[in-house]
Amino acid sequence: MAEALDRLARLLEVTGAIRFKTQAHERAAQVLRGLDRDAAAIFRAEGTKGLRTLPGIGEGIATKIGELVTTGRCTEYEKIRKSLPPGLETLLAVPGLGPKTAMLVATKLKVRNLAGLERAIASGKVAALPRLGEKAAAKILKGMELLRSGAGRVPLSTALPLARRILARLASLPGVARVEIAGSLRRMRETIGDLDFLAIPRKPADAPGILKAFAGFEEVRSVTAQGGTKCSVRLASGVDADLRVVPAESFGAALLYFSGSKNFNIRIRELGITKGMSLNEYGMLKGKKRSGGATEEEIFKAVGLPFIPPEIREDTGEVEAALQGRLPILIEAGDLRGDLHMHTTWSDGANTAAQMAAAAQALGYAYIALCDHSRSLRVAGGLSIEDLRKKNREIDALNRTLKGFRVLKGAEVDILADGTLDYPDEVLAELDVVVASIHTAFTLPEADQTRRAVRALANRHVTLLAHPTGRLIGKRAPYAINLAEVIRAAKDHGTCLELNAQAQRLDLAEGPLRQAREAGVTIAINTDSHRDTQLASGRDYGIGIARRGWLRAGDVLNTLPLDSLLKRLAR
DNA sequence: GCCGTTTTCGGCCCGACTGTTTTCAGTCG
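Going by numbering that gives the first Met the number 0, the first sequence opens with residue 0, and the numbers climb by one from there.
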C-alpha cells in the first residue's frame, strides 16, 4: 500500500505536478508504513472515513487507498504511467538520476532500461545533453553500479559496529571536541542507508583538518563530495558515510536535523513556525534574532515539546503523544535483568553453559535461560529427552556454584507442522522456560501456519513464541502468518511473544511490536545467542528495536526480577 | 493533496554541494 503511494509520488514528480502534491503522497506512504494497524483493514472496517482520521490522509488519498484495496489498482497511477515514456520508472531507481534528468534521457535519447542507459553514456550522448556533461554522466554510471551491487541499505548489525569504529577514530582526532552518530543509525532503524557523523571542532580553524582526516581514514574507498563543512565518502564496505563539522552553538540543531526522520523534522519546523520561529540545522531564529540551538533539549522546549527519543522520531504519532503528555518512557538496556533464549555446546552453540553464564553476569544480568534445540531439529544438534535431562542436571550443579545469579532450564522446542510440540508435556513441565519455534514447513498456507502457532501458544507449558514471523532480513521473507490472530492468542493465553534480537532476525519488527504492546501482550527481548559475545551485541539491537516499537520496561518479560519472573513462569 | 486558537484559501521546511552555469537547476538528505 505504502509502496503504491510512493510509486505514484515518483510519477507525479516526473510529470511536474505541484511539489506539494508529491510530498503529500510521500507523507501518506510514510504514515501507512509506521501504522500500528493495517490500512486495508481500516478501510474494510470503517471505509475512507476511518482512513481520513490518519494524519496526512485526506479525501483524495483515502479514495485511492480504497480503490487499491478493492480493485488492487490505482487509475491515476496507470493513467500517468501510460502518458510517460516506457521504462522511466526503471531509470528513476538509479541514485543520482533524478526526475528531470530521467525524463530528459528517456525522451531525447529514447532510453528505456538500464542497459540502454549504459550504452547512451558510453556513446557520450548523455554527456552531450543540455545541462549535463562528462562528470554528470560518470555520476549516473556510478549510481548504476551502486544499484546493481545492491549496496542500498545495510543491516543495523553491519552499520553499528562500523560506525562505532569510525566514531572512535574521529573522537581521537586532536581537533575534535565532540562527535556523535546521527541519521537513521541513531534512530536504530533495522537497515541503514548511510552513516552520519556530527563533530564539533575545538576551534573553527580545526574544521578543514577534521574533514581531511576523515577523507583519509583507512575505511574510506573514495571521496564523493568535500566542502567547508561536509565530507561525503564511500567506505570500502560499500556503505556511504557523511561527516559534518558544526560549531558548538549549533550542535543541538544539527543533531536534531541530521538524526531525522525527514517527516519528523518537518513536523518540528512547522511547530516552530507556530511559535514564531524558524528552525534550521544551525539553530533557531526568532525574527532576525538567534535564540539558541546548542542542545536538542533546548529546541524541543522552545517548540513546546518534551524530549522525544530518537528511536521514535518517525512522525507516526509521537509528536501528538508528546503534545498530549503521553509519550511512553521507553525501555533502556539497563532495564534488562536477563536473557531467556540462547544456545550452548549441548546443541549448536559455541560456548558452554558456564561460559554463557559468565558472559551474562558480566552484563549485570541476574538470570539466563539455556534453550538448546529439541530432538527433531537434528541439523542443529537437537537434544533427546535423555540428553535434555542430563543437561538439566548440569545446570543444577552449575547453579550451586553461582551466587546472585540463576541459570534457568529451558529448551527451544520445535512446533511441529500440526502445532504440537517436539517434547511431551511431562518433559516440558520439568523446564523453567519453554521457547516454542517454527523451524520447518515454512510454506504452509497462512491459515494453517497461524493455527499451528496459535495451538502452541495455547499450551500451558509454553513461555513464549520465538521469532514469530521467521524472516531473515534480506534473505528470507516472513512466512505467511496472521499476526493479528497470533497476538490475540498470546493475549488470551497469557503467553509472551519474542523480540528475537539476533542480527538477521529482529523479529518481531517494530510495527507488530507496537501492535502487540497495544494489545497488552508481554514481549521477551532475547538474543538467541549462539556465542557468548552475542549477548551484548544482541542486547543493543534488541533494545533499539524495542524502543522503536514504543516498548516500556513494563511491557518486557525479562525486565522482571528473578523472583517475579519465576512466579510468572509458574502460573 | 492536506490542513486550519491567525486561515475553508493559500499556504506548505530548509540548506549544501555539484556541475555547467555567468546566476542557477538538479539532487540529496
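Ideal Cβ placement from N, Cα and C applies to all residues, glycine included. Every value quoted in this text rests on a predicted model; they were computed, and no experiment measured them.
Assuming residue i and residue j form a contact by the criterion Cβ under 8 Å, report the distance between their Cβ atoms to the nearest whole angstrom.
{"i": "residue 489", "j": "residue 496", "result": "5 Å"}
{"i": "residue 506", "j": "residue 467", "result": "6 Å"}
{"i": "residue 182", "j": "residue 259", "result": "7 Å"}
{"i": "residue 65", "j": "residue 47", "result": "5 Å"}
{"i": "residue 135", "j": "residue 126", "result": "7 Å"}
Mind checking who residue i pairs with in its DSSP beta bridge?
{"i": "residue 73", "result": "Beta-bridge pairing links residue 73 to no other residue."}
{"i": "residue 239", "result": "193 and 233"}
{"i": "residue 506", "result": "499"}
{"i": "residue 528", "result": "341"}
{"i": "residue 409", "result": "370 and 432"}
{"i": "residue 221", "result": "233"}
{"i": "residue 276", "result": "285"}
{"i": "residue 327", "result": "Bridge partners of residue 327: none, in fact."}
{"i": "residue 154", "result": "190"}
{"i": "residue 177", "result": "199"}
{"i": "residue 311", "result": "According to DSSP, residue 311 bridges with nothing at all."}
{"i": "residue 245", "result": "The partner list for residue 245 (beta bridge, DSSP) is empty, contrary to what the question assumes."}
{"i": "residue 414", "result": "420"}
Please say whether residue j and residue i have beta carbons closer to each other than 8 Å?
{"i": "residue 445", "j": "residue 481", "result": "yes"}
{"i": "residue 591", "j": "residue 198", "result": "For residue 591 there is no data in the structure shown, the boundaries of the chain being 0 and 570."}
{"i": "residue 500", "j": "residue 541", "result": "yes"}
{"i": "residue 485", "j": "residue 463", "result": "no"}
{"i": "residue 546", "j": "residue 308", "result": "yes"}
{"i": "residue 147", "j": "residue 332", "result": "no"}
{"i": "residue 13", "j": "residue 330", "result": "no"}
{"i": "residue 374", "j": "residue 382", "result": "yes"}
{"i": "residue 561", "j": "residue 431", "result": "no"}
{"i": "residue 254", "j": "residue 179", "result": "yes"}
{"i": "residue 394", "j": "residue 426", "result": "no"}
{"i": "residue 38", "j": "residue 24", "result": "no"}
{"i": "residue 336", "j": "residue 559", "result": "yes"}
{"i": "residue 326", "j": "residue 303", "result": "no"}
{"i": "residue 334", "j": "residue 552", "result": "yes"}
{"i": "residue 238", "j": "residue 110", "result": "no"}
{"i": "residue 0", "j": "residue 67", "result": "yes"}
{"i": "residue 416", "j": "residue 451", "result": "yes"}
{"i": "residue 281", "j": "residue 292", "result": "yes"}
{"i": "residue 79", "j": "residue 10", "result": "yes"}
{"i": "residue 572", "j": "residue 454", "result": "Here the chain comprises residues numbered 0 to 570, so residue 572 is not present and cannot be evaluated."}
{"i": "residue 29", "j": "residue 262", "result": "yes"}
Q) Does the stretch 83-100 touch the stretch 131-142, meaning 3 or more C-beta pairs lie closer than 8 Å? A) yes
Q: Please specify which runs of the alpha helix (DSSP H), each continuous and at least 4 residues long, are wholly inside the stretch 74-106, giving them in chain order.
A: 74-82 and 87-91
Q: Quick one: which unbroken beta strand (DSSP E) runs of 3-plus residues sit fully inside the stretch 362-396? Chain order, please.
A: 366-372
Q) Would you call the stretch 304-315 and the stretch 334-347 in contact, with 3 or more CB pairs under 8 Å? A) no
Q. Can at least three beta-carbon pairs, one atom from the stretch 285-303 and one from the stretch 512-522, be found at a separation below 8 Å?
A. no
Q: Within the stretch 512-558, note down every full beta strand (DSSP E) run reaching 3 residues or more, in order along the chain.
A: 522-525
Q) Can at least three beta-carbon pairs, one atom from the stretch 381-400 and one from the stretch 358-371, be found at a separation below 8 Å? A) Touching, yes.
Q.
When you compare the stretch 218-234 with the stretch 246-261, are there three or more beta-carbon pairs, one atom per stretch, that lie closer than 8 Å?
A. no
Q: Inspect the CB distances between the stretch 154-166 and the stretch 117-130 and report whether three or more fall short of 8 Å.
A: no
Q.
For a minimum of 3 consecutive residues, which ranges assigned as the beta strand (DSSP E) are wholly contained in the stretch 430-491?
A. 432-436
Q) Counting only runs that start and end within the stretch 103-148, where is the alpha helix (DSSP H) found for 4 or more residues in a row? A) Correct list: 113-121 and 133-147.
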